[in-house]
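The structure appears below as structure tokens.
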Amino acid sequence: MKVLVVGNGAREHALVWKLLQSQRIRQIVCVPGNGGTASLERCQNLPLSVDDFEGIARFAQVNNISLVVVGPEAPLALGIADYLQRQNLKVFGPTKAGAQIEASKSWAKDLMREAGIPTANSEVFTEPEAAKAYVAAQGAPIVVKADGLAAGKGVTVAATVEEAYSAIADLFSSRVKTVVIEEYLAGQEVSVLALSDGLTVRQLLPAQDHKRIGEGDTGANTGGMGAYCPAPILTPALSARVQKEILEPTVAALKARGIDYRGVLYAGLMITPQGDPKVLEFNCRFGDPETQAILPLLETPLEDLLVACVGQKLAQQPPIAWKSGASACVVVAAGGYPESFKKGHVITGIEQAETAGAHVFHAGTQKKQQQVVTEGGRVLGVTAIGEDFDAAIAQAYAAINCIEFEGMYYRRDIGYRVRTAGKL
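One rule links them: number in the working numbering = place in the sequence shown (from 1) + 4.
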């Protein structure tokens, strides 16, 4: 079969890499792809925009593409699945209506309230003064969120009322029209990515992301600076609760609204000090960098799962099989990220890093004249697997020591909650 993957990040590189492990996959086309997907055998990049639905559809039809896999949230929120389905193409990813679960936090909150899904108390505001009055009444810490898509960076966990005021002012001045103010939940976060065919929902291994730019989870929020898998905080008993109290009711609530949700249902959860799972947010796609940590442990052929979701046959699939051990992904970013950063720096040492036993997933890269150069804020995701977390994390950092480009930055404490060997 021939597959088209939409996106240009490390998540998409990981999806392509995993799909190509199957002999069933004859060719993959990545739109637009990056320097990593350009280097894979049986994969070609197609220089179209992710929102060029007509161009993508035309190429898929002419080239007999069996399945389109959509990586990023933005084209899903714009309705790429709806458009391609109308062209009789098979698409893994929810429709525009389903993608609202990520594209609008206020819409998602309404859905959760309707379905009785545990989540933080919140209010929605379209005027800054009303939002500030609410914060003054509630006090801090408190969470301020942009209602729409913000590439993982539209959230401020405000330690003080003044910090919340500043976040509100920043959002409204940046043309955000709706803001969600949410109670602060203490505890540990965990990402549960599940596959849904609109009827059945199956969990992948849980992962824990590191959102902050600085070590010790300090500084600005980013798209994610690293992840490890499987996150031990989600015990089998908690996983069963998440299935029964969160995932299944969410798919049922979507169905009740007439939404046939086929794709990834990503639940970002807070596990409270009392041991209860609460939803911080839902996403409508594979997580990044969680996917880069999860997929290397997957034994079941990925295309079997994706095709089963599209064909509404997930219940007929055997249990998902996983490798033993653990994985860790460390993101290597451009200096200055998540603020301004420079592009075009030559990257060396990727082959040596892979020889050292890591998978190097390209995020913000381009291939130019046989050289790989930086093209984004998050540049690479370096993933390693091992018999335990210490081994996986040590292997990932050993591989990063092989890589060089001007201004490269990475956190040195990824997986600190599960390390026993101390700081590397």
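Built from N, CA and C at the ideal position, the CB exists for glycine as well.
Over what stretch of residues does the beta strand (DSSP E) that includes residue 397 continue unbroken? No beta strand (DSSP E) holds residue 397; the alpha helix (DSSP H) holding it covers 393-404.
Close-in-space but distant-in-sequence residues of the same chain around residue 411 (CB under 8 Å, 5 per side omitted): 338, 339, 340, 345, 346 and 349
Return helix, strand or coil for residue 280, following the three-state DSSP convention. Residue 280: coil per DSSP, three-state reduction.
Residue 3 classed as buried or exposed, judged by whether at least 16 other C-beta atoms fall within 10 angstroms: Missing from the structure shown is residue 3; the chain here goes from 5 to 428 and no further.
Does the pairing of the region 230-237 with the region 286-296 give three or more beta-carbon distances under 8 Å? yes
Output yes or no for whether 8 Å exceeds the beta carbon distance between residue 352 and residue 40. no
Can you tell me whether residue 382 is buried or exposed, with buried defined as 16 or more other CB within 10 angstroms of its CB? buried
Between the region 199-215 and the region 311-326, can you find at least three pairs of beta-carbon atoms closer than 8 Å? yes
CB residue 168 to CB residue 144, shorter than 8 Å? yes
Can you list, in chain order, the stretches of the alpha helix (DSSP H) that have 4 or more residues and sit fully within the region 225-283? The qualifying runs are 240-246 and 252-260.
For a minimum of 4 consecutive residues, which ranges assigned as the alpha helix (DSSP H) are wholly contained in the region 98-169? 100-107, 109-119 and 132-142
Entirely within the region 173-210 and at least 3 residues each: give me those beta strand (DSSP E) ranges in chain order. Counting only runs of 3 or more, we get 183-187, 192-201 and 205-207.
For the alpha helix (DSSP H) containing residue 371, name the first residue and the last one. Premise fails: residue 371 lies in the beta strand (DSSP E), 369-372, not in any alpha helix (DSSP H).
At least one CB of chain B closer than 8 Å to the CB of residue 147: is that the case? In the displayed structure, chain B is absent; only one protein chain is listed.
Are there three or more Cβ pairs, one per stretch, closer than 8 Å when the region 171-186 is compared with the region 134-148? yes
With a Cβ-Cβ cutoff of 8 Å, do residue 220 and residue 277 count as a contact? no
Okay, do the region 88-100 and the region 259-268 touch, 3+ Cβ pairs below 8 Å being the bar? yes
For residue 6, write down the residues that DSSP places opposite it in a beta bridge. For residue 6, which the question treats as bridged, DSSP gives the partners 31.
Is it true that the region 281-292 meets the region 305-317, where meeting means three or more beta-carbon pairs spaced less than 8 Å apart? no
Taking a contact to mean a Cβ-Cβ separation below 8 Å, would you say residue 354 touches residue 407 in this structure? yes
With distance defined between alpha-carbon atoms, name the residue in 332, 379 and 273 nearest to residue 246. 273
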